[in-house]
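To start, the structure under review is shown below, and the notes come after it.
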Amino acid sequence: MNNTTQTMSPDQAFGTSPVDDRTYNVLQALTSTLEAMDAYELYAAGDPNGLFAELLVDQRRHADRLLGELRSCLVEAGR
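So that you can map any letter, position 73 of the sequence shown is 111 in our numbering, and since no number is skipped, the others follow by simple counting.
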């Protein structure tokens, strides 16, 4: 009987990430964009100059684009 203990690297012990870097980056950018949209909605209520409403429109466009990119990432990954 062999009583030697083998050590594993963290990658071997836990496996590699199920998400590639591109997908992770797009997901994080989308998350940040959606959080910004929530904040801008709150700020827009008290903004008589319309700055935050304008920023909200821009963020919506960014969110739509990022969502499309995330879908592409997931299709490419076969998920």
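Beta carbons are placed, not taken as given, at the ideal position from N, Cα and C, and that holds for glycine.
What residues in its chain sit with their C-beta under 6 Å from that of residue i, if we drop five residues either side in the sequence?
i: Y81; result: F90
i: L112; result: none
i: A74; result: Q97
Since residue i contacts residue j with CB under 8 Å, what's their CB separation in whole angstroms?
i: L94; j: T71; result: No, L94 and T71 are not in contact; Cβ-Cβ is about 11 Å, not under 8 Å.
I'd like to check one pair, residue j with residue i: are the Cβ atoms closer than 9 Å?
i: L68; j: A101; result: yes
Between which two residues does the alpha helix (DSSP H) harbouring residue i extend?
i: D96; result: 89-115
i: V64; result: 59-83
Among residues of its own chain, excluding the 5 on either side of residue i, which ones have a beta-carbon nearer than 7 Å to its beta-carbon?
i: V64; result: L104, E107, L108, C111
i: E79; result: L94
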